[in-house]
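>
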Amino acid sequence: MTGEVVIRAEELTKRYAATLAVDHIDLEVHAGEIVGILGPNGSGKTTTILMLLGLTEPTEGRAAVAGFDPLREPLEVKRRVGYLPDSVGFYDGLSAHDNLAYTGRLAGLSRRDIDERFADALAKVRLPDVGRERVGTFSRGMRQRLGLAEILMKRPDIAILDEPTATLDPHSTQEFLDLIRALKSDGTAVLLSSDHLDQVQRVCDRVALFNQGRVALSGSVTDLAQQVLGGGHVIDVEVRGVGVRDRLVGMPGVVRVQVMGPQLYRVDCERDLRPEIARLLAPSFELTGIRFAEPSLNEVYTRYFDEVRHAA
Amino acid sequence: MRRSGSPFTGTGIVLAKEAADQLSGIRMVVIETLVFLIALVLAWFSTTAIRESIGQSPFLFLRLLTMAPDPIPFSFIDTVGLVTPIIAIALGFDAVNAEFNQRTLSRILAQPIYRDALLIGKFLARLLALAIALLSLWLLVLGVGFLRLGLPPSGEELVRMLGFLVATIAYGGVWLAVAFLFSILFRAPATAALVALGLWLVFSFFWSLIIKPLVATIIAGPPEDIFGPNLAYIQTSQVLDRISPNTLYAEIALALLQPATRTLGPVFISQLRGALLGAPLPASQSFILVWPQLTGLIAAMILIFAIGYVVFQRQEIRA
């Protein structure tokens, strides 16, 4: 978290009649950071995004996006934010160029800027030859990429992406995630809502886990793992040899040893046992790696909602 | 709470895009074909009939619009009165719900514009398309009349016909606003179109025949009493009639295109004292006569649009 805060929500709340869609959430996103927002359907992710864009009015609380209040200064906010909605829609009867030229003009771009940026953006999203084709002929994946091209054309300070990879195949997803990383490297802050936990884990610096309209957990994936999976240490050991597991199980402080692969062991410990494990194995075995295991966001997510269900 | 920036930012861009869509779409081709056929057929038969009786009226071009030429059972104004609401509904029934259904609304409103700009731009673009269709119709009839009669319209006729064109656009604007409102209220375009057409049918066929006499009788008593016609009934009936945009439009057409028309309500003997029966009113007097109806149509259009505007502002934009 190095850059200035570009999105700040304080006690942001949205109530629809008797339903509390978003319940006093606090959220911060810094410049050049990718923050993922996760949670089951109806947990308030999209409503939060719409409030940050000034597209729906909060019932309580306040927000600042790029230094502007989305409620009072929505045009200033929207000039600086690129938004890719869930299942993005285009005018099917218009070409890709005409669709993006329309939103480009609404965003205040000149005709010349539009033409220059359009070709560049389409090349970046790997749709270089379809500019004059009607969007009605595009697949869902192509539409999603075109949506990202629209954001690239706008060159915003902040990109808000709502379920951007939901309709993409694995190869396109990987390309899309690369493009999101490229946005970050250009200094753009990205707020990414997704149900694909592995993707979120791959690109996001921090994660906010939404549940019933509240931010239940937030921080890096390691922070979340500490909070949900407990304070213990999980160490991955890469080592060649026979009888490694038995040696590890017998060590003081080791709680559990799992064999993850032919030469990979995952050790749950009461404390950081990396030096002791290295000293134990190095003389007798070929030790090729020892490090803290990357906690899985999927595991964190599943464990958290299991606990919530049990508590209920 | 005051929002920064103008609500009209981007209105011109929306208007230009929507107008281009409307004017280049297949819907407009169908409308223009319909307009062309109506103009050609009616003007042809009307001019044929007028040529046989030339010299009987000083207002040949007005007759062109008001006569029902044999073998066609209705006049140009009857036809325009019937076709204009259908064209207006066809232009407006999917104006807003299509944006929801195509999932384009949130993407467009994420650009630096207010909802006001989107709604006003869309409405004005459709009103422009409607005005172009009606202007084409008007010019076609004028052109065919000019060619077939060999005479240009007089200045007086031209002013009256222009007034009629403006009234027709305002009348179409009312039905456009109705269709627009339903396109905001109903997410399914078919439902919006059906409800708008249903309302038009009510005002076209059932209002004067069933609803008006029934309600007027309840309020003011039977149409006739022992002394003759019941004036209270007639006046109530007229007020009720004028709720219908069709009545307002028909009254405007009558007063502007038939210059001898002196009143649009019940005629009393005192009003006829000193009058030369059948003598035409000057155009300015006819305009004074229809001014309430014309402003009524424009006000109705604005009011219905304003209702739609308020509803749209309160809607959640997520699909």
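Same order as they appear, the protein sequences are chains A and B. Using my numbering, read the first sequence as starting at 284 and increasing by one per residue. Using my numbering, read the second sequence as starting at -14 and increasing by one per residue. C-beta atoms are modelled at their ideal positions from N, C-alpha and C, and glycine is treated no differently.
(1) Would you mind reading off the limits of the alpha helix (DSSP H) that contains G424 (chain A)?
(2) Enumerate in chain order the residues of its own chain whose CB-to-CB distance from I74 (chain B) is below 8 Å, with the five nearest sequence positions on each side excluded.
(3) Using a Cβ cut-off of 7 Å, which residues of the segment 134 to 167 of chain B contact any Cβ in chain A, in chain order?
(4) Look at R562 (chain A) and I573 (chain A) and say whether their C-beta atoms are less than 8 Å apart.
(5) Rounded to whole angstroms, what's the CA-CA distance from L336 (chain A) to F167 (chain B)? Just pull it up for me.
(6) For V483 (chain A), does the three-state DSSP call read helix, strand or coil?
(7) Below 8 Å on C-beta distance, what does A390 (chain A) contact in chain B?
(8) Using C-beta distances below 6 Å, list every residue in its chain close to A4 (chain B), excluding the 5 sequence neighbours before and after it, in chain order.
(9) According to DSSP, is M286 (chain B) part of a helix, a strand, or is it coil?
(10) Which of helix, strand or coil does DSSP assign to L406 (chain A)?
(11) Round the Cβ separation of L321 (chain A) and I308 (chain A) to the nearest angstrom and send it over; I've been treating them as touching at under 8 Å.
(12) Look up F575 (chain A) in the DSSP assignment and say whether it is helix, strand or coil.
(13) In terms of alpha-carbon separation, which member of B:G(-3), B:S121, B:L47 and B:S(-9) lies closest to I23 (chain B)?
(14) At a CB-CB cut-off below 7 Å, which residues of chain E make contact with E301 (chain B)?
(15) Counting only C-beta atoms, is Q87 (chain B) closer than 8 Å to chain A at any point?
(16) Inspect the beta-carbon positions of G157 (chain B) and P277 (chain B) and report whether they are closer than 8 Å.
(17) Report yes if the CB atom of E501 (chain A) is closer than 8 Å to the CB atom of R489 (chain A), and no otherwise.
(18) For Y587 (chain A), name the three-state secondary structure that DSSP assigns.
(19) Going along the segment -5 to 10 of chain B in order, which residues come within less than 7 Å of chain A, judged by CB to CB distance?
(20) Are at least three pairs of beta-carbons, each pair with one atom in the segment 352 to 369 of chain A and one in the segment 506 to 513 of chain A, less than 8 Å apart?
(21) Using 10 angstroms around the beta-carbon of I195 (chain B), count the other beta-carbons present and answer buried if the total reaches 16, otherwise exposed.
(22) Are at least three pairs of beta-carbons, each pair with one atom in the segment 329 to 345 of chain A and one in the segment 285 to 294 of chain A, less than 8 Å apart?
(23) Could you give the uninterrupted runs of the alpha helix (DSSP H) lying entirely in the segment 249 to 285 of chain B, keeping only those of 4 residues or more?
(24) Hey, how far is the Cα of P323 (chain A) from the Cα of G496 (chain A)?
(25) Along the beta strand (DSSP E) that carries T342 (chain A), what are the first and last residues, could you check?
(26) When you compare only the Cα positions, how much space is there between F149 (chain B) and E141 (chain B)?
(27) Could you round the C-beta distance between V517 (chain A) and R549 (chain A) to whole angstroms and report it? I think they count as a contact, below 8 Å.
(28) Is the beta carbon of A432 (chain A) sitting closer than 8 Å to the one on L405 (chain A)?
(29) Output the distance between the C-alpha atoms of L103 (chain B) and W29 (chain B), rounded to the nearest integer angstrom.
(30) For L282 (chain B) versus A152 (chain B), is the C-beta spacing smaller than 8 Å?
(31) Can you tell me the Cα-Cα spacing of I117 (chain B) and E356 (chain A), whole angstroms?
(32) Between which two residues does the alpha helix (DSSP H) holding E141 (chain B) run?
(33) Beta carbon of L27 (chain B), beta carbon of L134 (chain B): below 8 Å?
(34) From R464 (chain A) to V486 (chain A), what distance separates their C-alpha atoms?
(35) In chain order, what residues of the same chain lie with their CB nearer than 6 Å to the CB of V583 (chain A), ignoring the 5 residues before and after it?
Result, derived from the coordinates:
(1) R423 to K437
(2) W160, L161, V163, A164, A178, A181, L182 and W185
(3) Flagged: no residues at all.
(4) no
(5) Straight-line Cα distance between these residues: approximately 27 Å.
(6) helix
(7) Simply Q96 and P97.
(8) A110 and L113
(9) helix
(10) Reading off the sequence, residue 406 (chain A) comes out as Ala, not Leu. It is helical.
(11) That belief does not hold up - the Cβ atoms of L321 (chain A) and I308 (chain A) are roughly 13 Å apart, past 8 Å.
(12) strand
(13) B:S121
(14) In the structure shown, chain E does not exist; the protein chains are A and B.
(15) yes
(16) no
(17) First, the residue type needs correcting, since residue 501 (chain A) is Ser and not Glu in the sequence shown. Yes.
(18) helix
(19) Of all residues in the segment -5 to 10 of chain B, the ones placed with a Cβ closer than 7 Å to any Cβ belonging to chain A are G(-5), I(-2) and K2, in chain order.
(20) no
(21) Counting every other CB atom within 10 Å of its CB across the protein chains shown gives I195 (chain B) a total below 16, marking it as exposed.
(22) yes
(23) 254 to 257, all fully within the segment 249 to 285 of chain B.
(24) Annotation: P323 (chain A) to G496 (chain A) spans about 10 Å, alpha carbon to alpha carbon.
(25) For T342 (chain A), there is no enclosing beta strand (DSSP E), as DSSP gives it neither H nor E.
(26) 12 Å
(27) 6 Å
(28) yes
(29) 42 Å
(30) yes
(31) 38 Å
(32) G140 to L170
(33) No, the Cβ-Cβ distance between L27 (chain B) and L134 (chain B) is not below 8 Å.
(34) Going by C-alpha positions, R464 (chain A) is about 7 Å away from V486 (chain A).
(35) L507, A508 and V511
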